[in-house]
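Q: Taking the numbering used here, the leading residue of the sequence shown gets 15, the next gets one more, and so forth.
Here you go, one structure.
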Amino acid sequence: MNLKNSILTAVATATIGLCLIGSGTYAYFNDTEETNNTFAVGVLDLGIDKKSIIKVEKIIPGQQEEGKFQLKNDGNVDIKNVRLISEYKVNDYGLSNGGDDLGEHIKVQFKQNGKPVFDKPKSLAELQAKGAKGEEILGEFVADSPPKDFTVEMEFVNNGQNQNHFQKDILNLTWKFEAIQRDGNGEVVK
């Protein structure tokens with residue numbers, strides 16, 4: 015048994031020696047770099063050059079008026095589109111309108127750089143019916159681009175019938191221009 019023990023001891027010693035030699039020669043190089051990253055949220059800021067675009071007094075059926083204004087992208091985020099949200103209220107101070115809506119008799123057309131925005135003029139009633147969704151009046155508007163020039167043409171439509179019931183009425187109109195950000199589709203903007 016002595017020989018057997020000697021062989022086993024020799025084999026075990028050789029195995030341990032080989033393991034120590036092999037592990038002693040195992041080495042690798044390592045290097046690390048660190049980066050500091052920032053997520054700065056962009057600013058969506060639509061600007062307009064006027065508080066009141068059009069103000070008409072003593073309007074009569076058939077009369078046309080126009081107003082001019084500019085929209086500006088004052089932010090640093092590209093705008094996908096700009097929507098017009100239109101709301102109005104008619105104060106019936108004269109004869110009863112009998113359910114006839116003055117907003118149905120006032121048509122508007124927006125023009126951007128002389129080109130009509132709508133296929134055909136729309137009544138204030140049509141624009142108001144769009145609700146909070148609004149009506150698109152401008153497509154893509156890149157940050158740092160020049161202002162966009164608009165003209166709005168308005169007409170109190172003469173329908174060829176008696177419109178006396180609108181005398182003394184006042185229509186208070188609010189237009190909100192809502193900018194919608196570009197799509198966040200994962201594209202990196204440089």
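Think of the CB as a built atom: it goes at the ideal place given N, C-alpha and C, for glycine as much as any other residue.
Residues in the same chain with beta-carbon distance under 6 Å from S137, minus the five sequence neighbours each way, listed in chain order, please.
A: So the list reads E118 and K121, once near-sequence residues are dropped.
Q: By how many angstroms is the C-alpha of N95 removed from the C-alpha of V123?
A: In the sequence as presented, Val is not what sits at residue 123; that position holds Gln. Whole-angstrom Cα-Cα distance: 18 Å.
Q: Can you look up Q142 in the DSSP assignment and give me helix, strand or coil?
A: Here Q142 sits in helix by DSSP.
Q: Which residues mark the beginning and the end of the beta strand (DSSP E) in which I99 is found?
A: Counting along the chain, the beta strand (DSSP E) containing I99 begins and ends at I93 to N105.
Q: May I ask you to list the residues that DSSP assigns as paired with I21?
A: None, per the DSSP bridge assignment.
Q: Just the C-alpha distance for A139 and L85, rounded to the nearest angstrom, thanks.
A: Distance between the alpha carbons of A139 and L85 is about 24 Å.
Q: Would you kindly work out how many angstroms separate the C-alpha atoms of P135 and A54, rounded to a whole number?
A: The straight-line gap from Cα to Cα measures roughly 42 Å.
Q: According to DSSP, which residues form a beta bridge with V166?
A: Its beta-bridge partners are G81 and F124.
Q: Which residues mark the beginning and the end of the beta strand (DSSP E) in which T52 is found?
A: Neither: T52 is in no beta strand (DSSP E) and is coded neither H nor E.
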